[in-house]
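Protein chains in written order, with this note's numbering: chain H, 96 to 497; chain F, 176 to 493; chain Z, 6 to 320. Have a look at the structure below, then the notes.
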Amino acid sequence: MRIHRTVRLALTTTAVAVTALSMVAVPALAGTRSAKTSGDPYLTADNRLNKSATIGGAGSTFAAPLQNAAQAAYEARTPNATINGYQAVGSGTGESDILKKVVDWGGTDVPMSQTDIYQKEPSGFNIRASAFVEVPIALGGVAIPYNISGLNSKTPLTFTASVLAGIYEGHITNWNSSAIQGLNPKVKLPDSKIVVVARADSSGTTYIFTNFLRSAAPKVWTTQPSKTPLTLPTGGVAGSGNAGVAADIENTPNSVGYVEYSYVLLNPSLLKGVAAIVNKAGKALTPSLAGIAAAAAAKPNITAANFSIDWQAGPTAYPIAGYTWAVIWRGNQTSDAQGTLLVKYLDWLSHSGAVDGTTAGQDVAALQGYVPLPANIQALARATLLKVTGSHGQVLLTSNGG
Amino acid sequence: MTMGVIEGIPPDPILERREMVQRVARKTLDRRILISRGMVGLCGVALLLALVPLFAILYSLLQKGIRWWNLDFFTKVPQFPSLIDPNAIGGVSNAIIGSLVIDGIAALFAIPIGIVAGLFLAESSSKFSSMLRTTAEIMTGLPSILLGIFAYQMIVIGFDEWGVKLPGIGFSGIAGSFAIGVLMIPVIMKASETALRGVPAPIREAGLALGARRSVIARKVVIPTALPGLITAVLLAFSRAVGETAPILWVIGASNIVEWSPRKEMASMPLQIFQSATSPYVALREEAWGIALFLVFVVLVINLGSRLFAAWLQRERR
Amino acid sequence: MSELPLTENAKHFSVKGDSAHWGVLYGVSGLFALICAVFILSIVASSIPAWRHSGLSIIYGRVWSQGTDSFGALPIISGTLATTAIALFFAIPIGVGSALAIVHVLPGRLRILLSSLVELLAAVPSVVYGLWGLLVLAPWFEHTVEPGLAGITGSRFPFQAPPEGVSLLLAGSVLFVMILPMIVALSRDAIAIVPHEQFEGALSVGATKWQVLRKVVLPGARTGIVGAITLATARALGETVAVAMVIGLNPLFPPSLFSTASTLASTIALQFQDATPLQVAALGALAVILMTLTAIVNWFGRRLVRGSAFRAGVI
């Protein structure tokens, strides 16, 4: 039928306008598929891989809940990428594995130092610490859960560093000893022997915990903080990995131990008894995401050499917290394709997608009980990853699929 | 029967002794019967005691494991809990496929080597063969964790000593297959030797009399005759290998997706049971029963199947 | 022979092929022997730095600590021996008694059924025993058995520590359940082949059943039974996974049966991956000790068992 010319013009204009708008608006609303005009080009490119590759990591159990969840999320978004299951074998083993190059990254809560390298390699082996870079990938805390049979109390027990040190050294042996009872006057503690739970393997979580004890109670805890397994007092139980310690506390009556916060948060039976620890400002705080964030905020400028955020000042700062790191070779990747996947994965892992509306690693971390890395630490991660080079000396972290 | 003194005949020491023994026996009979009933009863009690834990395990396995057996369990990969979905669990398809690949490849090289070496033991009586036999006996008794060390140092890390250099492959299914294969070989070797020796000599000799050379006799006569025993041996060794955890503890890495390539890291059922059972998450611990039930099911099916098959073959041969 | 032209069929019958046959046989056997040699040598070689560093103190030293580079494994060795001893203490009487009952007390149908059942149970993987031990037995021990034992003995040695769940006693008990089917199955074989005529002959001179069992059957089956026990001992000494799940992994001397402890195999398993080079050597030394122990026990056992009905699959 005949349409009036004006109407036709109007219709055409509308059609063009709608098409133009939809070409811009729909992808922007969908989020994941747009050719980015704003936002972080590196982050977008993290999900684009030209060549297929497989990488795998091992190490810190502190980071294990994040790695397990994040890997699945990353693989779902990134064609061509395969990531082997993260082997939660402890920070010490993670460092050994990356030195031997049987994994692509080593997870550790304590950045690897030259001393660590000398300890793990027979003397004469020339690996310098400068051959590695350390990428911060998560921020978490260490909770002190306990399992005291016969304790009917809704309020968490309070401990100080010196009391915990005394327990772990075997000086304080019973739950109702005056030191503990004094901190918890309103609770009737049973007269039973304390079962101390610690790590059987070389652990970064042990480092964070002993560093706290050493910083806060140096007169009681006289040894330097380290990853090596603690000597347990009689009757102590050693667990393998954070998971092992958490399981041991659940299964052993009258026990107490130190566990990364995610394990407690995701486990209702452990959540029932988590201690409040007295911080530097004198406040007793149970672990919380806000408390961990406050500890991180109190010491914003960390580096791989100065990384500890235990025992920070501030009334809301939870006193036992720390970052966890991925140690990777600066050059000498197994192949360029693997190296590219590695840096892109770690970049994705250490960033939040909030800018783009996409999901990135730190968003997954938030759902696992970690505090998303502060913006300056995310920037530190990116800057560190940009130092990683491939077979021709080229920077592997690209803002395209390369 | 009392033998009194009969006039004229001197007392016979043997008969006197017999009379004394019978006297004692009659006196103690009641007590002996009582003791016998008691001790035999104790043996019966021992049997009941022995059955209690064993039935308890089977009962726990069935009761706690069967509820996990659904389609998702066998076809999905594991999922992890998060704050928005604390009960996420997924399935164990990665472990099932991983076990299949690792044990399958192990069997692929262990079976031929084991049977051929068994044939060697059956046919040769040199010093070398008796030394080999002793070696096989020692190897079957060694803790399997030592084979895990071996596989880790040979395959995962690589070998660089005594002038020989082997590049390491890293964590992989192949490393696990190597460990499990080396575990299986001596077991198959010794059982094959027994089966092959069981082939009656006249059958071998008939082959020789016809002028056939030994390899032909072996291939066409000895092995087919010993086949029931060989198959039983192989299946039993395989069922043991399927359940082994220690040799693959640190050599296969980990995988949360289904992985078919042995060059890559994989999961495995016994390892998954170990990790889930020691996990702090209740759901994972409960899931371990489901995997354990399936593993026991597979092992029992192979065991039963091998016995039934061997019995069937025997009957067929008659 | 080689001058005659060979027909197709005759090729099967040529003597020349024999060398190929022996070649393959020797080759494959040699390959296996080579693998075994490399295996044993590599473990011994890897342990040398530890022997050089600590000498024999590895065997009698009491402190195992990665941090101070001191590697005394006496508590660990005694943990191994203690768990095995606990397992054998219960498994020998119950196992041999059950075997006697199966052969001489049960009627025919039940005998076959139970024999098969026990053999099938011997095939259950050890990780399943560990699972059951950790999730079912440990809570029961912690809430019922250990307090009960402490109550009865007044908490005196060796029952004095507070019940914890994972403990030396629990590990020994799990090992007991694991080696029991093995002992029953092998003893059953040994007892069953004692000639029935001997049994009946003894009965006919007026002995009671128990007297026959004790004086005829058991001595007759003694070789096989002792062999079964030594094989089960070797298995218990080397058991890794099930023990690691239930023992608590504490390399100190357990002061009581209720305490945590550690064994050679479980220590190796759990510490191997993150060991410093010296510690790897020390763990290799543990492996050498373990290897020696099990090899001796096994060799002894097989010498006694060889000849009696010996089932490949059960071992």
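Glycine is no exception: its CB is placed at the ideal position from the N, C-alpha and C atoms.
Residue burial classification, residue i (beta-carbon count within 10 angstroms, cutoff 16)
i	result
S192(Z)	buried
R438(F)	exposed
M306(F)	exposed
F44(Z)	buried
N471(H)	exposed
E191(F)	exposed
G185(H)	buried
V302(Z)	buried
T310(F)	buried
H446(H)	buried
R240(Z)	buried
L366(H)	exposed
Residue(s) in a DSSP beta bridge with residue i
i	result
S257(F)	D260(F)
W304(Z)	According to DSSP, which records beta bridges pairwise, W304(Z) is partnered with nothing at all.
F253(H)	Per the sequence shown, residue 253(H) should be read as Thr rather than Phe. For T253(H), which the question treats as bridged, DSSP gives the partners A371(H).
E229(H)	V422(H)
T484(H)	V490(H)
I150(H)	I178(H)
G333(F)	P342(F)
W200(H)	G152(H)
W69(Z)	F76(Z)
S350(H)	N242(H), V290(H)
E355(H)	V237(H)
Cutoff 7 Å; reference residue i; Cβ partners in own chain excluding five residues on either side
i	result
K215(H)	E190, S191, L194
Q447(F)	V267, A270, I466
S436(F)	none
A120(H)	Any reading at A120(H) is ruled out, since the residue's pLDDT is 48, under 50, leaving its predicted position unreliable.
Spatially closest choice to residue i from the options, by CA coordinates
i	options	result
N279(H)	I372(H), P160(H), Y263(H)	I372(H)
G289(F)	I40(Z), V217(Z), P282(Z), V179(Z)	I40(Z)
V369(H)	A341(H), T326(H), F157(H)	A341(H)
Q361(F)	L410(F), V276(F), S304(F), I313(F)	Checking the sequence, you will find Pro at residue 361(F) rather than Gln. Among L410(F), V276(F), S304(F), I313(F), the Cα nearest to that of P361(F) is on I313(F).
A128(Z)	A485(F), V471(F), V220(F)	V471(F)
A476(H)	S244(H), W270(H), A421(H)	A421(H)
V228(H)	Q182(H), T203(H), S248(H)	T203(H)
L218(Z)	I210(F), V196(F), S352(F), T203(F)	I210(F)
A231(F)	V248(Z), M183(Z), L46(Z), L262(Z)	M183(Z)
T235(Z)	L298(Z), A286(Z), V222(Z)	L298(Z)
H487(H)	P469(H), A238(H), T435(H)	T435(H)
L226(F)	S172(Z), E202(Z), I107(Z), S59(Z)	I107(Z)
A104(Z)	L93(Z), I91(Z), S120(Z)	S120(Z)
The ligand ADP heavy atom lying under 7 Å from the CB of residue i
i	result
A452(F)	Annotation note on the ligand ADP: not contained in the displayed structure, which lists no ligands.
Cutoff 6 Å; reference residue i; Cβ partners in own chain excluding five residues on either side
i	result
M441(F)	G273, G348, I427, S430, E434
S414(F)	V474, I477, N478
L252(H)	N279, A370
8 Å Cβ cutoff, residue i in contact with chain A
i	result
V132(Z)	The structure shown contains no chain A; its protein chains are H, F and Z.
8 Å CB neighbourhood of residue i in its chain, flanking five on each side removed
i	result
A376(H)	A408, G409, P410, A412
E170(H)	A176, T177, I178
R114(Z)	none
I99(Z)	L185
T484(H)	R425, G426, V490, L491
Tell me, please, whether the region 224 to 234 of chain H touches the region 293 to 305 of chain H by the rule of three or more beta-carbon pairs shorter than 8 Å.
no
Evaluate contact between the region 485 to 496 of chain H and the region 419 to 436 of chain H, counting only Cβ atoms and requiring at least three cross-stretch pairs below 8 Å.
yes
With contact counted as at least three CB pairs below 8 Å, one residue from each stretch, are the region 310 to 320 of chain H and the region 227 to 243 of chain Z in contact?
no
Decide if the region 136 to 145 of chain Z is in contact with the region 186 to 201 of chain Z; the criterion is three or more beta carbon pairs, one per stretch, under 8 Å apart.
no
Can we say the region 368 to 383 of chain F touches the region 449 to 469 of chain F, given the rule of at least three CB pairs closer than 8 Å?
no
For the region 250 to 259 of chain F and the region 362 to 373 of chain F, state whether three or more C-beta atom pairs, one from each stretch, are separated by less than 8 Å.
no
Counting Cβ pairs, one atom from each stretch, are 3 or more of them under 8 Å apart for the region 291 to 306 of chain Z and the region 76 to 83 of chain Z?
yes
Touch check for the region 198 to 206 of chain Z and the region 54 to 72 of chain Z: three-plus C-beta pairs under 8 Å?
no
Per the contact definition of three or more C-beta pairs closer than 8 Å, is the region 264 to 280 of chain H in contact with the region 393 to 404 of chain H?
no
On the three-pair Cβ rule with 8 Å, is the region 389 to 396 of chain F touching the region 22 to 31 of chain Z?
yes
Stretch-stretch touch, CB-based, cutoff 8 Å, three pairs: the region 333 to 351 of chain H with the region 144 to 159 of chain H:
yes
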